[in-house]
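**Q** Below you'll find the structure I mean.
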Amino acid sequence: MTSSAWGLLALFLVLLGVLAWPVGKFLAALCNERVPRWMQRIEATLYKLAGTKPEQSMHWLRYAFALLAFNAIGAIFVYALQRLQAWLPLNPAGMAAVSPDSAFNTAVSFVANTNWQGYAGESTMSYLTQMLGLAVQNFFSAATGIAVAFALVRGFARRGDGKGLVGNFWADITRVTLWVLVPISFVLAVVFAGQGVIQNFDAYKEVSTLETTAFQQPKNGADGQPLKDDKGQPVMEDATTKTQTLAMGPVASQEAIKMLGTNGGGFFNANSAHPYENPTALVNLLQMLAIFLIPAALCFTFGHVVGDMRQGWAVLAAMTVMFVVAVIVITPAEQAGNPLLTPLGVDQMHGALQAGGNMEGKEVRFGIDASSLFAAITTAASCGAVNGMHDSLTPIGGMVPLVLMQLGEVVFGGVGSGLYGMLIFAMLAVFIAGLMIGRTPEYLGKKIEVREMKLISIAILVTPILVLAGTAVAVIAGAGKAGIANPGAHGFSEILYALTSAANNNGSAFAGLSANTPFYNGLLALAMWLGRFAMIVPVLAVAGALAAKTRLPVTSGTLPTHGPLFVSLLIGTVLLVGLLNYVPALALGPIVEHLVLWK
Amino acid sequence: MDIVWMGALLALWAVVGAMVVGLNRLDAPKNPSSKASNAADGASS
Chain A
10 MTSSAWGLLA LFLVLLGVLA WPVGKFLAAL CNERVPRWMQ RIEATLYKLA GTKPEQSMHW
70 LRYAFALLAF NAIGAIFVYA LQRLQAWLPL NPAGMAAVSP DSAFNTAVSF VANTNWQGYA
130 GESTMSYLTQ MLGLAVQNFF SAATGIAVAF ALVRGFARRG DGKGLVGNFW ADITRVTLWV
190 LVPISFVLAV VFAGQGVIQN FDAYKEVSTL ETTAFQQPKN GADGQPLKDD KGQPVMEDAT
250 TKTQTLAMGP VASQEAIKML GTNGGGFFNA NSAHPYENPT ALVNLLQMLA IFLIPAALCF
310 TFGHVVGDMR QGWAVLAAMT VMFVVAVIVI TPAEQAGNPL LTPLGVDQMH GALQAGGNME
370 GKEVRFGIDA SSLFAAITTA ASCGAVNGMH DSLTPIGGMV PLVLMQLGEV VFGGVGSGLY
430 GMLIFAMLAV FIAGLMIGRT PEYLGKKIEV REMKLISIAI LVTPILVLAG TAVAVIAGAG
490 KAGIANPGAH GFSEILYALT SAANNNGSAF AGLSANTPFY NGLLALAMWL GRFAMIVPVL
550 AVAGALAAKT RLPVTSGTLP THGPLFVSLL IGTVLLVGLL NYVPALALGP IVEHLVLWK
Chain B
4 MDIVWMGALL ALWAVVGAMV VGLNRLDAPK NPSSKASNAA DGASS
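Rendered as structure tokens:
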């Protein structure tokens with residue numbers, strides 16, 4: 010790694026620590042239901058309107074059904090909005106109704122905090138759909154994840170009521186949205202707008218370009234349909250243009266929660282590589298910090314709520330170590346460049362005038378360092394925003410985002426989902442340690458017994474099953490193979506990446522796969538929905554089981570879960586599960602690509 | 004087509020809803036004695 014890459018990584022981690030601490034402390038107050046009186050008064054009005062009683066703690070079953078009902082209504086609303094947008098206001102570009110399969114995929118995607126996008130935002134969605142549908146779900150899906158994390162943390166913290174009460178879902182989602190997500194997003198949006206991220210309701214602008222641009226486009230027949238040659242390939246024709254359409258829109262307001270909520274769905278198709286979404290180096294840094302802010306803060310929240318900050322530090326340390334290793338792998342892989350270009354005389358060395366390395370698919374203004382770091386951050390967290398094209402990463406560089414997602418999105422992970430995913434692994438680590446030393450496993454004074462282990466096993470196995478079975482279906486089915494633009498190992502990587510991203514609720518893509526088809530829209534929606542909610546349900550069940558248990562005192566025989574030994578055990582457990590599940594699939598994709606490229 | 008995709012959403016919801024009910028039964032103690040599982044019965048780490 011270059012010194013500038015090390016410097017950027019160090020700056021990022023220091024700023025993250027400084028910002029995450031106070032946010033984590035405030036989140037702990039919300040988790041403990043200690044809200045200042047003036048906030049309570051504002052909340053009381055909302056609870057009265059909704060007819061809910063926030064002081065009534067719910068059994069995990071009620072909590073889960075409230076969560077599922079809330080998200081199902083959200084999905085129906087987003088679907089309806091897309092299908093009706095042609096007849097609704099705030100549609101200056103005259104966007105038509107979104108196709109049913111794409112609307113279904115997008116509705117599930119945004120509700121599940123995935124934000125996989127099979128469409129191009131600027132040529133598909135009206136401003137109303139972007140704001141009232143997609144941006145609103147960015148808030149609610151993030152709040153849902155944090156609410157589940159709160160429920161699990163309370164499960165550890167409570168002394169044992171025997172009833173399995175984990176909190177009130179409606180109060181959790183209201184407080185997190187109102188007092189954390191909205192205020193921070195507002196500040197971020199104002200800063201972004203100040204830096205040049207656009208925020209308007211203007212019609213798209215038609216501007217003259219400095220040069221005439223020549224390009225090829227599919228030729229249409231007399232019936233208006235694209236012509237195809239004898240081999241079934243589209244017939245192309247030469248064309249020129251002297252104008253360009255500049256898409257406008259309320260971008261800054263959506264950009265802020267897109268990052269803060271680890272949602273990742275861009276206003277534009279190019280996402281954070283687009284200069285209207287990510288115009289400056291400062292915005293790029295702030296976007297990266299926003300992605301990790303709440304996942305890191307929740308580690309401190311965890312420590313505060315369970316009454317032992319060392320526990321929070323241990324989880325954060327495990328996440329940080331895995332993240333730093335990922336950055337150390339991806340950055341040199343991209344800096345090494347493409348060996349096939351060397352014989353052609355292409356200078357790929359970094360220097361004062363160029364970033365060097367593999368610059369295909371990267372913004373020149375971000376270079377190797379900021380693009381590689383962004384790629385690691387966005388896939389370590391379940392964000393999925395991109396400031397470069399992951400399809401153009403080197404094989405090893407592309408494998409890093411894949412692996413980070415395949416570890417279960419626990420390396421910081423999504424807002425809430427990162428913490429509850431990591432705590433599930435922590436309980437598994439404690440269980441493994443218990444097996445080794447012949448003692449009943451116990452984490453934070455709560456015994457981990459048969460029921461909990463069954464639930465933990467389900468939670469851990471849901472996503473690998475979805476990824477591997479989904480990939481198998483896609484590479485067998487004709488409709489799945491039809492979307493591959495790059496046959497061979499890279500095409501397999503594209504499909505594996507799509508299913509990995511969907512089932513782990515990341516949302517980024519190896520963009521070479523044509524996935525806006527009924528087959529992929531359906532398959533990926535299935536993976537996103539089950540990857541989100543079939544994971545949340547067992548986690549809530551674990552929370553309920555733990556909340557019912559008495560918290561046992563620490564004794565001399567208690568396994569310490571705050572030291573380097575446990576951090577190592579936790580990292581080992583995460584890596585072991587991930588590698589056992591995915592190494593064969595990785596061998597067919599990026600590993601083969603790497604061996605072919607560097608043979 | 005809207006009915007088909009809304010039906011798919013309903014089916015997905017039903018799968019997860021059934022999972023909640025199923026895991027709640029898995030979660031439920033099968034006999035009163037298991038309520039005492041919190042007691043320090045035997046070696047504890």
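Taken in sequence, the protein lines are chains A and B.
In terms of this note's numbering, the first sequence opens at residue 10 and continues consecutively.
In terms of this note's numbering, the second sequence opens at residue 4 and continues consecutively.
The C-beta atom is built at its ideal place from N, Cα and C for all residues, glycine as well.
These figures come from a predicted structure and were not determined experimentally.
When you compare the CB positions of His-399 of chain A and Gly-370 of chain A, do they come within less than 9 Å of one another, or not?
**A** Taking the first sequence and counting its residues from 1, the one referred to as residue 399 of chain A is at position 390. Taking the first sequence and counting its residues from 1, the one referred to as residue 370 of chain A is at position 361. Taking 9 Å as the Cβ cut-off, His-399 of chain A and Gly-370 of chain A qualify as a contacting pair.
**Q** Looking only at DSSP bridge pairs, what is Tyr-452 of chain A linked to?
**A** On the first sequence, position 443 is the one that residue 452 of chain A refers to. Per DSSP, A:Lys-455.
**Q** For Ser-217 of chain A, which beta-bridge partners are listed by DSSP?
**A** Taking the first residue of the first sequence as position 1, residue 217 of chain A is located at position 208. A:Thr-252, per the DSSP bridge assignment.
**Q** Are the region 136-151 of chain A and the region 258-274 of chain A in contact at 8 Å, needing three or more beta carbon pairs?
**A** yes
**Q** Using a beta-carbon distance cut-off of less than 7 Å, what residues from the region 46-78 of chain A approach chain B?
**A** Result list: Leu-70, Ala-73, Phe-74 and Leu-77.
**Q** For chain B, check one thing: does any of its Cβ atoms lie closer than 9 Å to the Cβ of Trp-322 of chain A?
**A** By one-based count along the first sequence, residue 322 of chain A stands at place 313. No, its Cβ sits nowhere closer than 9 Å to a Cβ of chain B.
**Q** Could you give the first and the last residue of the continuous alpha helix (DSSP H) run that contains Val-576 of chain A?
**A** Numbered from 1 along the first sequence, position 567 holds the residue referred to as residue 576 of chain A. Looking at the DSSP string, the run of the alpha helix (DSSP H) that includes Val-576 of chain A is 573-595.
**Q** With a threshold of 8 Å, establish whether the CB of Ala-557 of chain A neighbours any heavy atom of the ligand ZN.
**A** This structure lacks the ligand ZN; in fact it carries no ligand of any kind.
**Q** How about the region 568-579 of chain A and the region 442-458 of chain A: do they share at least three Cβ pairs that are nearer than 8 Å?
**A** yes
**Q** Enumerate, from N- to C-terminal direction, the unbroken beta strand (DSSP E) stretches of 3 or more residues contained entirely within the region 314-376 of chain A.
**A** none
**Q** I want to see whether chain B comes within less than 9 Å of Gly-531 of chain A, judged by CB atoms only; does it?
**A** Here residue 531 of chain A corresponds to residue number 522 of the first sequence, with the count starting at 1. It does: the Cβ of Gly-531 of chain A has a partner Cβ on chain B nearer than 9 Å.
**Q** Nearest CA to the CA of Asn-367 of chain A: which residue from A:Lys-237, A:Gln-296, A:Gly-397 and A:Val-471?
**A** Your numbering for residue 367 of chain A matches position 358 in the first sequence. Selected option, being the one with the closest Cα: A:Gly-397.
**Q** Quick check: is the beta carbon of Trp-188 of chain A nearer than 9 Å to any beta carbon in chain B?
**A** Reading the first sequence from its first residue, position 179 is the one you call residue 188 of chain A. Output row for Trp-188 of chain A: interface = no.
**Q** State yes or no: is the C-beta of Ile-469 of chain A within less than 9 Å of the C-beta of Val-586 of chain A?
**A** Working through the first sequence from its first residue, we reach residue 469 of chain A at position 460. Working through the first sequence from its first residue, we reach residue 586 of chain A at position 577. Yes. Within cutoff.
**Q** Consider the Cβ of Val-145 of chain A: report whether some Cβ of chain E lies at a distance smaller than 9 Å.
**A** This model lacks chain E altogether; the protein chains it does include are A and B.
**Q** Show which residues of chain B have a CB atom less than 7 Å away from the CB atom of Pro-109 of chain A.
**A** Locating residue 109 of chain A in the first sequence gives position 100, where the first residue counts as 1. Close partners of Pro-109 of chain A in chain B (Cβ separation under 7 Å): Met-4, Asp-5 and Trp-8.
**Q** Tell me the rounded alpha-carbon separation between Ala-494 of chain A and Gly-521 of chain A.
**A** To locate residue 494 of chain A, count along the first sequence from 1; it is residue 485. To locate residue 521 of chain A, count along the first sequence from 1; it is residue 512. Rounded to the nearest angstrom, the two C-alpha atoms are 6 Å apart.
**Q** To the nearest angstrom, how far is the alpha carbon of Ala-486 of chain A from that of Ser-66 of chain A?
**A** Taking the first residue of the first sequence as position 1, residue 486 of chain A is located at position 477. Taking the first residue of the first sequence as position 1, residue 66 of chain A is located at position 57. Taking the straight line from one Cα to the other gives about 47 Å.
**Q** Residues in its own chain within less than 7 Å of Ala-46 of chain B by CB, not counting five upstream and five downstream?
**A** Position 43 of the second sequence holds residue 46 of chain B. In this prediction, Ala-46 of chain B has a pLDDT of 39, which is less than 50 and means its spatial position is unreliable; nothing more can be read from the coordinates.
**Q** Could you give the distance in angstroms between the alpha-carbon of Leu-437 of chain A and the alpha-carbon of Pro-496 of chain A?
**A** Sequence index remark: in the first sequence, residue 437 of chain A carries index 428 (1-based). Sequence index remark: in the first sequence, residue 496 of chain A carries index 487 (1-based). Roughly 39 Å between the two C-alpha positions.
**Q** Leaving aside the five residues before and after Phe-501 of chain A along the sequence, list all residues of the same chain whose C-beta is less than 7 Å from its C-beta, in chain order.
**A** Reading the first sequence from its first residue, position 492 is the one you call residue 501 of chain A. These residues qualify, in order along the chain: Val-484, Leu-597 and Gly-598.
**Q** Using the beta-carbon of each residue, which ones in chain B are nearer than 7 Å to Ala-543 of chain A?
**A** Locating residue 543 of chain A in the first sequence gives position 534, counting from the first residue. Going along chain B in sequence order, the residues near Ala-543 of chain A (Cβ under 7 Å) are Val-19 and Met-22.
**Q** Near Gln-253 of chain A, which residues of its chain fall below 7 Å by C-beta distance, leaving aside the five closest residues on each side in sequence?
**A** Indexing the first sequence from 1 puts residue 253 of chain A at position 244. For Gln-253 of chain A, where only same-chain residues beyond five positions count, the Cβ hits under 7 Å are Val-216 and Thr-218.
**Q** Can you name the residues of chain B whose CB is closer than 9 Å to the CB of Trp-538 of chain A?
**A** For this step, residue 538 of chain A is matched to residue 529 along the first sequence. In chain order, Leu-12, Leu-15, Trp-16, Val-18 and Val-19 make up the part of chain B whose C-beta sits under 9 Å from the C-beta of Trp-538 of chain A.
**Q** Are the C-beta atoms of Pro-496 of chain A and some chain B residue less than 9 Å apart?
**A** Sequence index remark: in the first sequence, residue 496 of chain A carries index 487 (1-based). With 9 Å as the cut-off, Pro-496 of chain A does not count as an interface residue toward chain B.
**Q** Compute the distance between the beta-carbons of Ala-390 of chain A and Phe-301 of chain A, then report whether it is under 9 Å.
**A** On the first sequence, residue 390 of chain A is found 381 positions in, with the first residue counted as 1. On the first sequence, residue 301 of chain A is found 292 positions in, with the first residue counted as 1. With contacts defined as CB atoms closer than 9 Å, Ala-390 of chain A and Phe-301 of chain A qualify as a contacting pair.
**Q** Please state whether the Cβ-Cβ distance between Ile-433 of chain A and Val-546 of chain A is less than 9 Å.
**A** As a first step, residue 433 of chain A is located in the first sequence; it is residue number 424 there, counting from the start. As a first step, residue 546 of chain A is located in the first sequence; it is residue number 537 there, counting from the start. Against a cut-off of 9 Å, the Cβ pair of Val-546 of chain A and Ile-433 of chain A comes out as no contact.
**Q** Identify the residues that DSSP records as bridge partners of Glu-246 of chain A: which are they?
**A** Your numbering for residue 246 of chain A matches position 237 in the first sequence. Paired residues: A:Gln-226.
**Q** To the nearest angstrom, report how far apart Arg-92 of chain A and Ile-6 of chain B are at their CA atoms.
**A** In the first sequence, counting from the first residue as 1, residue 92 of chain A sits at position 83. In the second sequence, counting from the first residue as 1, residue 6 of chain B sits at position 3. Going by C-alpha positions, Arg-92 of chain A is about 12 Å away from Ile-6 of chain B.
**Q** Can you list the residues of chain B that Leu-535 of chain A reaches, using a CB-CB cut of under 9 Å?
**A** As a position in the first sequence, residue 535 of chain A is number 526, starting the count at 1. Those are Ala-11 and Leu-15, listed as they occur along chain B.
**Q** Once you ignore the five residues that flank Lys-172 of chain A on each side, which residues in its own chain have a CB closer than 8 Å to its CB?
**A** Translated into the one-based positions of the first sequence, residue 172 of chain A becomes position 163. Within the same chain, Lys-172 of chain A has close Cβ partners His-68, Ala-556 and Ala-557.
**Q** If you drop the 5 nearest sequence neighbours on each side, which residues of the same chain put their C-beta closer than 6 Å to that of Asn-590 of chain A?
**A** For the purposes of this step, residue 590 of chain A is taken as the residue at position 581 of the first sequence. Excluding sequence neighbours, Asn-590 of chain A sits near Pro-473.
**Q** Kindly give me the distance between the Cβ atoms of Gly-130 of chain A and Gln-139 of chain A, rounded to whole angstroms, as I take these residues to be in contact under 8 Å.
**A** Locating residue 130 of chain A in the first sequence gives position 121, where the first residue counts as 1. Locating residue 139 of chain A in the first sequence gives position 130, where the first residue counts as 1. Correct: roughly 7 Å between the Cβ atoms.
**Q** Whole-angstrom Cβ separation of Val-157 of chain A and Gly-346 of chain A, contact assumed at under 8 Å?
**A** Indexing the first sequence from 1 puts residue 157 of chain A at position 148. Indexing the first sequence from 1 puts residue 346 of chain A at position 337. So it is not a contact: roughly 42 Å between Cβ atoms.
**Q** Please list, in chain order, the chain B residues whose beta carbon lies closer than 7 Å to that of Val-546 of chain A.
**A** Walking along the first sequence from the start, residue 546 of chain A turns up at place 537. Under the 7 Å cutoff, chain B gives Val-19, Met-22, Val-23 and Leu-26.
**Q** Under 8 Å, CB to CB, which of the residues in the region 83-107 of chain A have a partner in chain B?
**A** So the list reads Ala-84, Ile-85, Tyr-88 and Arg-92, given in the order they occur along the chain.
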